[in-house]
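Written out below as structure tokens is the structure these notes cover.
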Amino acid sequence: MNTILPLIAQLHSPFMLERHWRRLETKIVKKAIPFKSDKFCLADLIQLELFKVGEDVSELVDSAQKEDKINKKLDGIKAIWEDQIFSFNSGEDGIPLLTSLDQITEYVDTHSLDLMGMQSSKDVEEFREEVTKWVKTLKTVDTVIGKWIKVQKDYLKLQPIFLQSDDIRNSLPDETKRFEKVDMDFQQLMRDAQDEPKVTECAGAEGREALLNELMNEINSCEKALNEYLEAKKKMFPRFYFIPNASLLEILSNGNNPRRVDDFLGDCFDGMRSMNLRP
């Protein structure tokens, strides 16, 4: 009785659910347990001869408590992601643009570690399928966000160059057409995302990662052609090597506007700040 009574007290744990009683019945004592019956009493527990399987019973109750912790943590993660949405600002031409993602990326990092900890627990079996699903979901969110940020950053950098600079459009007509398609696809992507801003749904939308990969490849191709074009201009006039590409693009885009070019003369020539230009 000194062994049985403490075990009975453990079995009274609020964490003992039906599946745990079934496990006790089929895997440990290997006897029928009328735990759902209104007549289930102390005598029934005594007849189970729990003193023979004391360690197994304690381990079962401990496992039930750990499963409850995993379940609550998993529910907490699901509740947080239910409320996570992308926020947008309007860029030029009214294009929606992603704003700060710091909170979302912090949740991705924290919850990914939590889920990895759950996966390594021997008590996760009851929730393994759902935990695995959320591991994949957050991995997708992390991957898509990383690519999305890069695409948006590079798009905003190249957009005024290929869509507003006549010099670039005339010098790189093929890449200009390529970027015009990027511009159309990017704007559609952002509008679709604004219509469905929930993070897990938006990032995991069918074809979203593939589209971002395609945009990255097209933008990289445009950027490579642009860099080759600028390198050729630098070889023609080596002093262009002293100024950043952004300034060089401004100069080349305003070849017919000397007053705009005048702002960069000090970068090209030591001791020169500006020139007096006469009509």
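Counting in this note's numbering, the sequence shown runs from 28 upward without gaps.
The C-beta atom is built at its ideal place from N, Cα and C for all residues, glycine as well.
Every value quoted in this text rests on a predicted model; they were computed, and no experiment measured them.
Phe296 is the residue among Lys184, Val151, Gln221, Phe296 whose C-alpha sits nearest the C-alpha of Tyr268. When only Cα atoms are considered, Pro271 and Met299 end up about 18 Å apart. Counting C-beta atoms within 10 angstroms of its own C-beta, Phe264 has fewer than 16 neighbours from the protein chains shown and is therefore classed as exposed.
Annotation for Phe115: the continuous beta strand (DSSP E) segment containing it runs 115-117.
An exposed status is given to Ala259, since fewer than 16 other beta-carbon atoms sit within 10 Å of its beta-carbon. In the DSSP annotation of this structure, the continuous segment of the alpha helix (DSSP H) that includes Pro33 starts and ends at 31-38. In the three-state reduction of the DSSP assignment, Pro285 falls in the helix class, which pools H, G and I. The C-alpha of Met302 lies about 36 Å from the C-alpha of Phe206.
In this structure, Thr164 and Thr227 form a Cβ contact; the two beta carbons are roughly 6 Å apart against a cut-off of 8 Å.
Scanning its chain for C-beta atoms nearer than 7 Å, with the 5 sequence neighbours on each side dropped, one finds around Phe67 the residues Pro61, in chain order. The stretch 206-222 and the stretch 232-252 touch, with no fewer than 3 CB-CB distances between them shorter than 8 Å.
Within its own chain, the residues whose Cβ lies closer than 8 Å to the Cβ of Pro123, once the five positions on either side in sequence are excluded, are Phe115, Asn116, Ser117, Met217, Arg218, Ala220, Gln221, listed in chain order. Here His39 is exposed: its Cβ has fewer than 16 other Cβ atoms, across all protein chains shown, within 10 Å. Look at Lys63 here: in three-state DSSP terms it is coil, with no helix or strand label. Between Leu185 and Glu250, the alpha-carbon positions lie close to 8 Å from each other. In the three-state reduction of the DSSP assignment, Pro123 falls in the strand class. Around the Cβ of Phe213, a 10 Å sphere holds 16 or more other Cβ atoms; the residue is buried. Out of Ile131, Gly173, Leu190, the CA that lies nearest to the CA of Asn240 is found in Gly173.
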